[in-house]
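Some notes on the structure that comes next.
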Amino acid sequence: MKVEHQGGCQCGALRYRIDAPLTDIAHCHCSICRRSSGGILTTWVTVPRNAFQWLRGTPRAFASSASCTRYFCGDCGAHLALFTSLSPDTLDVTVATLDEPDLAPADRHIWVGSRLSWLTVDPQLPEEDQELIP
45 MKVEHQGGCQ CGALRYRIDA PLTDIAHCHC SICRRSSGGI LTTWVTVPRN
95 AFQWLRGTPR AFASSASCTR YFCGDCGAHL ALFTSLSPDT LDVTVATLDE
145 PDLAPADRHI WVGSRLSWLT VDPQLPEEDQ ELIP
């Protein structure tokens, strides 16, 4: 699997690089992700914080809860990353903003207690009521 990955927002104001394998990938069904993204779920890849670098631009930040800060483009509004103090050595990056999102298939569902009742995506994947944080 490729070790350097890049991505960015829709308008190009923000670009980032990840220097790590894409191995911890989850479909999140929480209501906060739905409201933050405007989507019915958000797929995240969790990477070591020191493997992530902004290449262009400075994201806007929003504290969406006591433990989470979300990063987005102040121009086009794209939601790119999330930091949680519950896991301070990692950063979650939205798979949809990767240049090659096909390289990052999900390996599980998280926060399934909040899943929309009519949504079925990747039913063969394991599910967690919340997210198990190491």
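Each residue of the sequence shown is one higher than the one before, starting from 45 at the first, in this note's numbering. Beta carbons: idealized from backbone N, C-alpha and C, even for Gly. Only a predicted model underlies this, so the values are computations on that prediction, with no experimental measurement involved.
Nearest in C-alpha terms to residue 138, of all of 130, 100, 149 and 131, is 149. One thing to note: residue 122 has its Cβ no nearer than 7 Å to the Cβ of residue 113.
The closest CA to that of residue 129, considering only 71, 119, 80 and 93, is found on 93.
Only residues of its own chain outside the window of five on either side were considered, and among them 113 and 135 have a CB closer than 6 Å to the CB of residue 127, listed in chain order. If you draw a straight line from the Cα of residue 163 to the Cα of residue 88, it is about 18 Å long. Residue 146 sits in a helix when the DSSP states are folded into three classes.
Using a 10 angstroms sphere on the CB of residue 170, the tally of other CB atoms stays under 16, which defines it as exposed. Here the alpha carbons of residue 115 and residue 125 stand approximately 5 Å from one another. The bridge partners DSSP lists for residue 97 are 61.
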